[in-house]
Every structure is written in structure tokens, then in C-alpha cells.
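Protein chains in written order, with the numbering used here: chain A, 3 to 250; chain B, 87 to 397.
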């Protein structure tokens, strides 16, 4: 119980992101962009419905990546300025500190991508009254919300593994690789077993063309379970490295 | 008396796993600090004071040697429930308010939720920051940040308070308040281990000191034992120039004060002291005699100079 309290105390600091006004301005911009896809009916030869779904999934994925990257900056800044030293001088293990950051940023990411999902559903329903939100469409957004967890774990890992100046760039490159697993299928050795297969969380084509019934809810549960297991692996690796690191 | 800190042959080389600096930042440090003491850890910049503190707080790992803090090795998380720590140049999350940050610290210390709010209000009052409780830490000045740093260090009523340069960034009033807080903590039974460059303040509040120079401990012990008697001072009241003139030739240093009185310094010598006492008996209240002690600042520079010469 005490361990959970410690982790949640650190997580509480990490989801301060949700108190920043700029986050809500970005969410508003994303929703405006999703809504504007409705006006592309002429340009897209009547494919604007599929385009709106595709744009919403793409922007939601970008938002999830941005949230995950923010933890790289957060941990690096705390290590550089000595905030982490102040916290770690309390009865708090280094592993708990990293888990707290992961939990905090994952919750913030899930809330932000969740707000975008809700906004999309409202806009889509208003734009295409007869269409309705398909199961695959909803699953696509829920999977993006779930993908925040392994992406945040990657960000936590690289924020302690590589120098501060390149940690964010390395994290972005790794996330890009992890999203491109089908394209990199022939060079699996690059990512197999180390990088997560974030393509598991990508249902853009299925969702855009509303291939209803082809993806089950069980798929979401299994993908989420895989994301959590991968996060445990990445955080354990980060903790191992962080345990031997000298702090400012 | 038990030791709250025991350090044995502690050595630290900075550098990566594969490349270490040739010169250690801390070399074979041996130090014991008894319970209940206010220990001042003094030394020039780069002497290894902060390195020692960071090893004790498990923020860095020693290259060799052992350290025990409250009887536990530094990586023992439970021991930290009884330790308060103020780092050198404290920094906090800029998005949090002072009260929110202290609330996180209180949660980490395991302070029950029913008394957490009251305790946070108490420490904010102690450091005179009550009116800034809801202000964001990012907007605080160096002195205000230092005060919040002190508040988080005493939040858990620690058994041991470790302060790294606590007086830096505080105005004279703030320094006095911090000295009062340290003395108040001592009266509650808290042991204090702090490093400082401000020797005059250290002399006022410490009962023990240690001087570190170029990674090595030069001396450690009770302040009153380390600072030797350096002689006597004779104060002659105004209007008694004849008495002062009698003693001028024997005095090592003579100062005529603006009020017309005299201050005569004599080296530490039993015969001189006897002679001065005779003058005191002969001239009564016109003369007062006090023994003078070497100041911590003089002692510090003497030790550093001796160490520099010998190296």
C-alpha cells in the first residue's frame, strides 16, 4: 500500500501536464482539423468520411507521441536541475520514481487522447448523422489510447539510457521505427524483441473503411496486455540502468 | 553516545564505468558523528563536501569504503523516513505550488492524510512562507526556493537533518531565521550535519566541525577543543591612559578605542596572564581581562595553509 502511495505521489506530479493551458489549445486545434475534413468532399471524390476517420486517428496518434515525448523532457529536466535528487532523498526507490513517472504520463496521455476520441465521436456524429460510430472506428481510437503506455515506457527508458541532448530525438526515431514494423519486416533483427511492435495499435485502414466485425474487443484486451508487458520490460531495463547512475 | 553517521575509508572517483578520473573527489574519508551534534562540514570549493553528502543520500555511489547513516547503508529506503535533506541549490517542479510540492513530499514520507495539511501549514509558518503557499514554485526567488527547501527537509520531524550550503541565497534576516530553525531542531533532539562556506555562522551554531581540503579530511572534533586559547585581552576604561602606558611595551597589539579606552592583546603565556591579573587587582574596575580564542576563520585558514604547504 505504501509503495502504491509513493508511486501515485510521483505520478501526481507527472500529470501536471493536464493543468497546462497549451494542452487544451492543442486538443482544440486537433478537433478543428478533424472537423475541417468534412469540407473535403469535393477534393476527395466523396471519400471525406473515410478521410475524417483517418485524419482523426493520425492526429490522435501524434498527440499520443507528443505526450510520451514530454516525459523524456520531464525526466531529463528533473535530473539536470536536481529535482529528482530532492525527491529521491525521500523514502522513494529509484524504480518507484520511474514507475511513478510512467503511470503519471500514461494517465495524462490516456486523458488527452480520450478527449480527442470523444471530440471526434461528437464531430463525426454531427457530420454524418446516418453513419454512426463503427466498432472498428472506436477500437482504433481506444488502441491509440492504449499505445500511450508502451510509448511512455520507451520514453522513460531512453530518458535514463542516453544523454539528455539526444534522448527526445532517439525516442522519436525509435517510436517511428516501432510504428513501421510492417515496412521493416525484412530487417526484423533491427527491432525484433527489443522495440515494441506499435503497428499492433494501428487500425487506420480497417477503421477508415469501417470493416465492422473484423476486429474484436478481445484484440484490444490482448494488445493492451502486450503493451503493459512490454512496458514492464522497458521500465525494468530503465531501472537497472538508473540504479547505477550518479545523480546531480 | 551512538554515532548517527559512520564513514570508513570512503573514496569516490568520478567518471564513467570505463573511464575514471585519476584524482579522487573524495579520498579515504573516515568520520564519525555522534547523535545530537550540530556538525559543520567545512572546506573550500571542490574539497568533496557535496560528494560526501550525496553518497550519504545514495544519490551517487562510492568507489570504495563504507558509510552508515542512522545505522543503515545509504541505499536503505526506510532510513530516509527519519532524514531531512536540503540539497545544494534546491530545485522543484515549477508547475507545482509550494503546498502541492510539500504535499507530495509528505506523501512520500508516509505522513497520514489527517495530519498532513496541519504539518504542511506548520513548516510553511516556520520558514515564513505561509502567504506563498499557493504560489507556483517556478516564480520563486533563490531565497524563497531555499526556504521551501528547508520546509521539505524538516517536514518529517527528522532524526537527522543534512543541509548542503543552507545559508546560501538567504538575506541576513533569513540566515538568522535558519540558524534559529537549526537550533530549534537540535533542542528537539535532531542531529544536524551541514556544510557551509560562511564560517562565522558555522562558529555560532556548530558544536563539532570537520575540515575537508583537496578530498582529504584535515581535522574533525569538538569546536571548543580545536580552537585553542590564543592569549588574553586587557580592556582599559577611558581616562586611565597611565595604566595602558604601563603595559604598552609588553602587549603584542594595542588599539586605542574611539571612546578613549584601550584594548591590549597579549600572547598566550601563563606569566603574562599572572601579570595582567596583578594589574587587575591593583586598578580594580578600571581594567577588565578576558581570555581570547582563535576564531574559526583563523583556524580554518591556518589548517588550509598548512595542508597546502605540506602537499
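For each residue, glycine too, the CB sits at the ideal point set by N, CA and C.
Cα-Cα separation between residue i and residue j, rounded to whole angstroms
i                     : j                     : result
residue 114 (chain B) : residue 282 (chain B) : 21 Å
residue 182 (chain B) : residue 348 (chain B) : 59 Å
residue 285 (chain B) : residue 155 (chain A) : 47 Å
residue 227 (chain A) : residue 59 (chain A)  : 21 Å
residue 152 (chain B) : residue 67 (chain A)  : 44 Å
residue 80 (chain A)  : residue 386 (chain B) : 36 Å
residue 13 (chain A)  : residue 233 (chain A) : 16 Å
residue 98 (chain B)  : residue 102 (chain A) : 30 Å
residue 392 (chain B) : residue 225 (chain B) : 45 Å
residue 245 (chain A) : residue 96 (chain A)  : 6 Å
residue 215 (chain B) : residue 389 (chain B) : 39 Å
residue 104 (chain A) : residue 158 (chain A) : 7 Å
residue 330 (chain B) : residue 322 (chain B) : 7 Å
residue 300 (chain B) : residue 100 (chain B) : 14 Å
residue 343 (chain B) : residue 334 (chain B) : 15 Å
residue 224 (chain A) : residue 248 (chain A) : 38 Å
residue 117 (chain B) : residue 307 (chain B) : 10 Å
residue 45 (chain A)  : residue 22 (chain A)  : 36 Å
residue 72 (chain A)  : residue 379 (chain B) : 58 Å
residue 304 (chain B) : residue 16 (chain A)  : 44 Å
residue 173 (chain B) : residue 251 (chain B) : 8 Å
residue 143 (chain A) : residue 56 (chain A)  : 11 Å
residue 295 (chain B) : residue 127 (chain B) : 6 Å
residue 265 (chain B) : residue 61 (chain A)  : 56 Å
residue 36 (chain A)  : residue 190 (chain B) : 38 Å
residue 138 (chain A) : residue 162 (chain A) : 37 Å
residue 91 (chain A)  : residue 131 (chain B) : 23 Å
Test item: CB-CB of residue i and residue j under 8 Å
i                     : j                     : result
residue 70 (chain A)  : residue 150 (chain A) : yes
residue 120 (chain A) : residue 203 (chain A) : no
residue 65 (chain B)  : residue 154 (chain B) : This structure cannot settle anything about residue 65 (chain B), because the visible part of chain B is limited to 87 through 397.
residue 381 (chain B) : residue 289 (chain B) : yes
residue 84 (chain A)  : residue 176 (chain B) : yes
residue 208 (chain A) : residue 82 (chain A)  : no
residue 129 (chain B) : residue 298 (chain B) : yes
residue 160 (chain B) : residue 142 (chain B) : yes
residue 353 (chain B) : residue 325 (chain B) : no
residue 86 (chain A)  : residue 193 (chain B) : no
residue 4 (chain A)   : residue 170 (chain B) : no
residue 178 (chain B) : residue 88 (chain A)  : yes
residue 239 (chain B) : residue 249 (chain B) : yes
Outcome for residue i when other beta-carbon atoms lying within 10 angstroms are tallied against a minimum of 16
i                     : result
residue 181 (chain A) : buried
residue 150 (chain B) : exposed
residue 275 (chain B) : exposed
residue 137 (chain B) : buried
residue 199 (chain B) : exposed
residue 43 (chain A)  : exposed
residue 362 (chain B) : buried
residue 175 (chain A) : exposed
residue 396 (chain B) : exposed
residue 328 (chain B) : exposed
residue 38 (chain A)  : exposed
residue 88 (chain B)  : exposed
residue 338 (chain B) : exposed
residue 98 (chain A)  : buried
Neighbourhood of residue i by C-beta, 7 Å cutoff - its chain only, sequence neighbours within 5 removed
i                     : result
residue 114 (chain A) : 25, 29, 65 and 69
residue 230 (chain A) : 151
residue 228 (chain B) : 255
residue 130 (chain A) : 51
residue 112 (chain B) : 96, 97, 98, 134, 137, 138 and 301
Proximity test, residue i beta-carbon vs the ligand PLP heavy atom, cut-off 7 Å
i                     : result
residue 305 (chain B) : Looking for the ligand PLP in the displayed structure turns up nothing, as the structure carries no ligands at all.
Proximal residues to residue i (C-beta, below 6 Å), its chain only, five neighbours per side dropped
i                     : result
residue 383 (chain B) : 285
residue 94 (chain A)  : 8
Cβ-based neighbour list, residue i, same chain, cut-off 8 Å, excluding 5 preceding and 5 following
i                     : result
residue 200 (chain A) : 149, 152, 153, 177, 180, 181 and 183
residue 213 (chain B) : 233, 234, 236, 237, 263 and 267
residue 168 (chain B) : 156, 242, 244, 245 and 246
residue 272 (chain B) : 122, 124 and 278
residue 141 (chain A) : 205, 209, 217, 219, 221 and 222
Item to check | Members of the stretch 65–89 of chain A near chain B, C-beta cut-off 8 Å | outcome: 80, 83, 84, 85, 87, 88 and 89
Checklist entry - Listed from N- to C-terminal order along the chain, which residues in the stretch 162–192 of chain B have their beta-carbon within a distance smaller than 7 Å of any beta-carbon of chain A? => result 163, 164, 166, 167, 171, 173, 175, 176, 177, 178, 179, 181, 182, 190 and 191
Checklist entry - Looking at chain A, which residues of the stretch 132–158 of chain B have a Cβ within less than 9 Å of any of its Cβ atoms? => result Taking 9 Å as the Cβ-Cβ cut-off, the stretch 132–158 of chain B approaches chain A at 140, 143, 144, 145, 146 and 147, given in chain order.
Checklist entry - Using a beta-carbon distance cut-off of less than 9 Å, what residues from the stretch 3–14 of chain A approach chain B? => result 4, 7, 8, 10, 11, 12 and 14
Next on the checklist: Give me the subset of the stretch 346–375 of chain B whose CB atoms are less than 8 Å from a CB atom of chain A, sorted by chain position.
Outcome noted: none
Checklist entry - Mind listing which residues of the stretch 189–220 of chain B have their C-beta closer than 8 Å to chain A's C-betas, in chain order? => result 190, 191, 193, 194, 195 and 196
Next on the checklist: If the cut-off is 7 Å on Cβ atoms, which residues from the stretch 91–114 of chain A count as contacting chain B, listed in chain order?
Outcome noted: Near chain B, meaning a CB-to-CB distance below 7 Å, the residues of the stretch 91–114 of chain A are 91, 92, 93, 94 and 95.
Checklist entry - Taking any Cβ of chain B, which residues in the stretch 237–248 of chain A have a Cβ under 8 Å from it, in chain order? => result 246 and 248
Checklist entry - Which residues, in order along the stretch 14–26 of chain A, keep a beta-carbon less than 8 Å from a beta-carbon of chain B? => result 14, 15, 18, 21 and 22
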